[in-house]
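Residue numbers (the numbering used here): 741 to 1046.
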């Protein structure tokens, strides 16, 4: 069955951060990640890494955090109110990639592990995380590839996991104030603690390991496509939607701010440049309009026979 092994999860996430940063640096070919390091008592560690102004990657943040606290903040206890006021320990990798080319999609991923220790009962642990894709100009083959890898990542939990976590992702990454999805989805999961630690950890590793298989081939296909001012203008306008989600809705942002984490690290996921235009709409029949009409619509990208 396997007892929770916090150290094993920590070691895995430290290595995952290394591998993701190396892959993004290789794809960019010019820029490197800057690392900050903040160590605390008992081995706690914040290791944010940020790459800016690359030739391919305009901005990326890949953060590792290991934290402890006297009580979980409200954003972390919404689904587990019995842990309000309980001490906790948490470890996570969270990342965002904002490519320069408007034809290359933004991607986001995170893996996190929480252990809560209430005074009147046994410790409570769970995994959360996932990955999602936000295109500006969509390609069907990219969406199919992304979701095919997402389904593969769910294999440790069985065939029911992918449709469940895909649906959760579609529902979570949704801008209710605009009645539109943020992107084409992927996986979103939280409170994963069954059937046992070993199986749940295998699932978390699968999601972390396969993120690069999901994203890097798409980035490589799109990073050198020619683009101009029209595409750039549309990309910056859509990035405004991304910022709205992170600042208004995202639980991870609220958790980071409520738990007193370094603000620069919490907000490093925001795009480097963006644009808001009053009541602007794409021309009917344009590629820009097709993003909302065809891609920003929750659907089964794999189909019944895939």
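Idealized CB from N, CA, C, for every residue including glycine.
Please read these numbers as outputs of a predicted model, since none were measured by experiment.
Should the segment 901-914 be regarded as contacting the segment 927-945, the criterion being three or more beta carbon pairs within less than 8 Å?
-> Yes, since at least three Cβ pairs between the segment 901-914 and the segment 927-945 fall closer than 8 Å, the two stretches touch.
Worksheet item: Where do the ends of the alpha helix (DSSP H) carrying residue 1006 lie?
Response: Residue 1006 -> alpha helix (DSSP H) spans 1003-1006.
Any contact between the segment 942-953 and the segment 1006-1017? By contact I mean 3 or more CB pairs, one from each, below 8 Å.
no
With 16 other Cβ atoms within 10 Å as the buried cut-off, status of residue 1024: exposed
Once you ignore the five residues that flank residue 1022 on each side, which residues in its own chain have a CB closer than 6 Å to its CB? 1028 and 1029
_Range of the contiguous beta strand (DSSP E) that encloses residue 836_ = 828-839
Discussion item. Looking at the strands, I want to know which residues DSSP matches up with residue 807.
Written reply: 830
Check: Once you ignore the five residues that flank residue 891 on each side, which residues in its own chain have a CB closer than 6 Å to its CB?
Finding: 902
| Taking the C-alpha atoms as reference points, what is the distance between residue 977 and residue 859? | Looking at the two C-alpha atoms, the distance is approximately 49 Å.
Rounded to the nearest angstrom, what separates residue 939 and residue 897 at their Cα positions?
Straight-line Cα distance between these residues: approximately 7 Å.
Practice task
Drop a sphere of 10 angstroms on the beta-carbon of residue 741, count the other beta-carbons inside from all chains shown, and report buried for 16 or more, exposed for fewer.
Solution key: Low per-residue confidence applies at residue 741: pLDDT is 46, beneath 50, and the placement is therefore not dependable, though the value from the model is reported in the following sentence. Exposed.
inquiry  = Would you call the segment 759-777 in contact with the segment 852-869, where contact means no fewer than 3 C-beta pairs closer than 8 Å?
reply    = no
Considering only residues of the segment 771-801, which uninterrupted alpha helix (DSSP H) runs meet the minimum length of 4 residues and lie entirely inside it, listed in chain order? none
Return the CA-CA distance between residue 853 and residue 1026, expressed in angstroms with no decimal places.
If I take the Cα positions, the gap works out to 43 Å.
Quick check on this structure: which residue in 1002, 980 and 873 has the alpha carbon closest to the alpha carbon of residue 1041? 873
When you compare only the Cα positions, how much space is there between residue 958 and residue 828?
Cα to Cα, residue 958 sits roughly 37 Å from residue 828.
If I measure Cβ to Cβ from residue 848 and keep anything under 6 Å in the same chain, skipping five residues before and after, which residues do I get?
Closer than 6 Å at Cβ, skipping near neighbours: 836 and 872.
>> What does the alpha-carbon distance come out to for the pair residue 944 and residue 879?
In response: 28 Å
**Item:** Local conformation of residue 903 per DSSP, three classes
**Value:** DSSP places residue 903 in helix when its eight states are reduced to three.
#### Entry: Helix, strand or coil at residue 937 [DSSP, three-state]
helix
- If you drop the 5 nearest sequence neighbours on each side, which residues of the same chain put their C-beta closer than 7 Å to that of residue 749? 831, 853 and 941
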